[in-house]
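Visitor: Encoded as structure tokens, here's the structure I'll be asking about.
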Amino acid sequence: MAAVDYPSPVKFSSRLRDGRALAEDVWSIYNVANLPADCINLGQGYMNFAPPEWVRKAAEEALGTVAANHYSHPKGRIRLRQAIKKVYDPQLHRDLNVEKEILVTSGANEGQYSVFTAFLEQGDEVIMFEPFFDQYLASVTFNGGVPVYVPLHPPANASGKFSSDEWKINPEELTAAITPRTKMIIVNTPHNPVGKVFTRAELEVIATLAKEHNLLVMADEVYDTLVFDGKEHVRIATLPGMWDRTVTVGSAGKSFAATGWRVGWLIGPESIIRPTLAASTRIVFCSNSPLQEAAAAGLEQVHERKFFQKQTAEYAERRKILTDCFDTLGLPYTNPEGSYFILLDISRVKFPNDYAFPQSVLGRGRDFKACWFIAIEIGVSSIPVSEFYCLEHANIGEVYARFSFCKDVDTLRHASERLKNLKQYLV
Ligand code: GLN
């Protein structure tokens, strides 16, 4: 895609001039607003069910108080920081300081943006594994950083179901990507869109390099409560010597089916949290107050209610509905060990080239057209995966469509009945 420009008497920043920064983002193109009303949305990852009743109730109660309708401290409301401490202390093996080591943000996304603002100098390089969650790219470049891509390799000649664990990093490629300008590395585990949960051994390789080259590690662990099959979720911050250089990212949206609340958090040493707080304070000042109270109530009770254990079991059932369907279709797909996404190989889906595609998907990867065609003809939307690759590597991603299973079982059953009709379009 060529750089986008618009005639205007006043030039917009060159930081937005390259690549796809001004192109419509994938979430807008495949938004339910653009698709037929009866199309089942397995595209953008949000739930079609509400947060748990006891969490919603806490939101209502918060709205009923005066204080929770007003500004919070830029660090986040103390009740939420204390609740985060309660959940994370045992997992990070630390006695977290709620004043210095925890920062509540307006969604995980804003938290990550603030870390980039706080740490990147113009031209600093940020390593990300490809495919990568698309927001990283803009968040890095808008802050003057330069993304550097290291591939996650899918298994060669995959057929049928294969585990997300089979997507591998090559330590030599990672080492070769590090230069004197490398400042940070983003480690997203469980991974969006692959569903990979990085193993301890893989994280140790990354940690060793981070220490050797003095890199900051952004551990995007927003799907940390969604890990299946007894797989171990390892927090890179807990590996020897890593606490001092790691910021761990969490999300109330993923944890409590509340993606629109925009409540997230960062956990790390004061040396990372303090500059990030300075950035976040000037970007949003503080996050929305009543929903911080509700997120706090959620985290306070998860242990007693065994909430995350129960929720994971529900997601495993949801995952199985879609994987059973993909088994029937006989197409290669990734069985995710974590998160709520499945990558389906759509290279055998055939569609007419002169199909009535909207302008927004023309000139993009083949997967943009395939996903549009599937949404209209089959009635199930998904997300084209080339969006999670840089422009130069988009052809690797256009083999896949990403389906989200953060939906109730009836919807997923309905969707899988429809998806079985894909058979007629396979070559
Ligand atoms: N994290 C969600 C997904 O991957 C949505 C992200 C977004 O809309 N920016 O589907």
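Note that the UniProt record's numbering gives residue 369 to position 369 of the sequence shown, counting from 1, and the numbers run on in steps of one.
Yeah, the Cβ is synthetic: ideal placement off N, Cα and C, and Gly gets one too.
This structure is a prediction, so every number in the text was calculated from the model and none was measured.
By Cβ distance below 6 angstroms, which residues in the same chain neighbour Ser255 in space, the five residues on each side in sequence not counted?
Guide: Thr225
Visitor: Is DSSP giving Asn188 helix, strand or coil here?
Guide: strand
Visitor: For the putative contact between Cys390 and Pro147, defined by C-beta atoms under 8 angstroms, what is the C-beta separation to the nearest angstrom?
Guide: With 8 angstroms as the limit, Cys390 and Pro147 qualify as a contact, their Cβ atoms being about 7 angstroms apart.
Visitor: Do the region 101-118 and the region 368-386 meet, that is, are 3 or more Cβ pairs less than 8 angstroms apart?
Guide: no
Visitor: Relative to the C-alpha of Asn67, which residue among Arg245, Gly397, Ile383 and Leu291 is closest?
Guide: The question names Asn, but residue 67 in the sequence shown is Ala. The residue with the shortest Cα to Cα distance from Ala67 is Leu291.
Visitor: For Tyr425, collect the residues of the same chain with a Cβ closer than 7 angstroms to its Cβ; drop the 5 residues on either side in sequence, then sort them by chain order.
Guide: Val349, Lys350 and Phe351
Visitor: Is it true that the region 271-286 meets the region 52-65, where meeting means three or more beta-carbon pairs spaced less than 8 angstroms apart?
Guide: Cβ pair count under 8 angstroms is below three, so no.
Visitor: Near Ala257, what residues of its chain come up, given a Cβ to Cβ distance below 8 angstroms and the 5 sequence neighbours on each side ignored?
Guide: Met47, Phe49, Ala50, Pro51, Pro52 and Cys406
Visitor: Shorter than 6 angstroms, the distance from the beta carbon of Asn192 to the closest heavy atom of the ligand GLN, or not?
Guide: Residue side-chain check: Asn192 places its Cβ nearer than 6 angstroms to a non-hydrogen atom of the ligand GLN.
Visitor: Between which two residues does the alpha helix (DSSP H) harbouring Arg79 extend?
Guide: Ile78 to Leu92
Visitor: Work out the CA separation of Glu293 and Asn69 for me, nearest whole Å.
Guide: Cα atoms of Asn69 and Glu293: separation of roughly 10 angstroms, rounded to the nearest angstrom.
Visitor: Any heavy atom of the ligand GLN inside 6 angstroms of the beta-carbon of Gln44?
Guide: yes
Visitor: Quick check on Val385: buried or exposed, where buried means 16 or more other Cβ atoms within 10 Å of its Cβ?
Guide: With 16 or more Cβ atoms within 10 Å of its Cβ, Val385 is classed as buried.
Visitor: Say the cut is 6 angstroms; is the CB of Trp27 nearer than that to a heavy atom of the ligand GDP?
Guide: Summarising the ligand content, the structure contains the ligand GLN and does not contain the ligand GDP.
Visitor: For the candidate residues Thr175, Gln82, Gly260 and Gly230, whose alpha-carbon lies nearest to that of Met128?
Guide: Thr175
Visitor: Terminal residues of the continuous alpha helix (DSSP H) containing Ser163?
Guide: Where Ser163 is concerned, there is no enclosing alpha helix (DSSP H), although the beta strand (DSSP E) it sits in stretches over Lys161 to Ser163.
Visitor: Assess, as a yes-or-no matter, whether the region 24-37 is touched by the region 259-275 under the definition of 3 or more beta carbon pairs within less than 8 angstroms.
Guide: no
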